[in-house]
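Student: Following my numbering, the numbering of the sequence shown begins with 1 at its first residue and continues without gaps.
In this text, a Cβ means the ideal position worked out from N, Cα and C, and glycines have one as well.
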Amino acid sequence: NLIKTGVKKAITHSLLGLQNRHEPLPKIGDYIVVTNYSGEAQCIVATTAVTIKPYFSIDSAYAQLEANGDKTLEYWKKYHWDLFSRELQKFNREPRESMIVVCQEFKMVHS
Numbered sequence: 001n002l003i004k005t006g007v008k009k010a011i012t013h014s015l016l017g018l019q020n021r022h023e024p025l026p027k028i029g030d031y032i033v034v035t036n037y038s039g040e041a042q043c044i045v046a047t048t049a050v051t052i053k054p055y056f057s058i059d060s061a062y063a064q065l066e067a068n069g070d071k072t073l074e075y076w077k078k079y080h081w082d083l084f085s086r087e088l089q090k091f092n093r094e095p096r097e098s099m100i101v102v103c104q105e106f107k108m109v110h111s
């Protein structure tokens, strides 16, 4: 688990996805129980930063924090474009370079 080992330190949400699912924006100090695919708790993380920005403004430093694939910006963009395409299709929307994303950084507080 990339979060439990401390490699993954961020996750990105589409603002439209959060709004359409009626989910609140993450906030600093939020705690999240991270589970495995069987739903078993693996660790607890605390949100340390939340940044709202356009998709096109994500940089390579942030892509490394999220630690998907080879950790490059190119991989991050392709991975999230595909993810947001599937997510937003449910709401008859599609991603755009200018769409707003919510960047949530965290640290592990219990394993």
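(1) How would you label H80, buried or exposed, when you count the other beta carbons within 10 angstroms and need 16 or more for buried?
(2) Would you kindly report the start and end of the unbroken alpha helix (DSSP H) that includes Y75?
(3) Between which two residues does the alpha helix (DSSP H) harbouring S60 extend?
(4) Should the segment 17-27 be regarded as contacting the segment 41-61, the criterion being three or more beta carbon pairs within less than 8 angstroms?
(5) Along the chain, which unbroken stretches of the beta strand (DSSP E) at least 3 residues long are found entirely within the segment 19-58?
(6) Expressed to the nearest angstrom, what Euclidean distance is found between the alpha-carbon atoms of S85 and D70?
Tutor: In terms of the structure at hand:
(1) As a working mapping, residue 80 is identified with position 80 in the sequence shown. Buried, since its Cβ has 16 or more Cβ neighbours within 10 Å.
(2) Counting from 1 along the sequence shown, the entry for residue 75 is found at position 75. That run of the alpha helix (DSSP H) goes L73 to Q89.
(3) As a working mapping, residue 60 is identified with position 60 in the sequence shown. It spans S60 to E66 - the alpha helix (DSSP H) in which S60 sits, taken as one unbroken run.
(4) Judged by Cβ distances under 8 angstroms, the segment 17-27 makes contact with the segment 41-61, as three or more pairs qualify.
(5) 31-35 and 41-54, all fully within the segment 19-58.
(6) Reading the sequence shown from its first residue, position 85 is the one you call residue 85. Reading the sequence shown from its first residue, position 70 is the one you call residue 70. Rounded to the nearest angstrom, the two C-alpha atoms are 21 angstroms apart.
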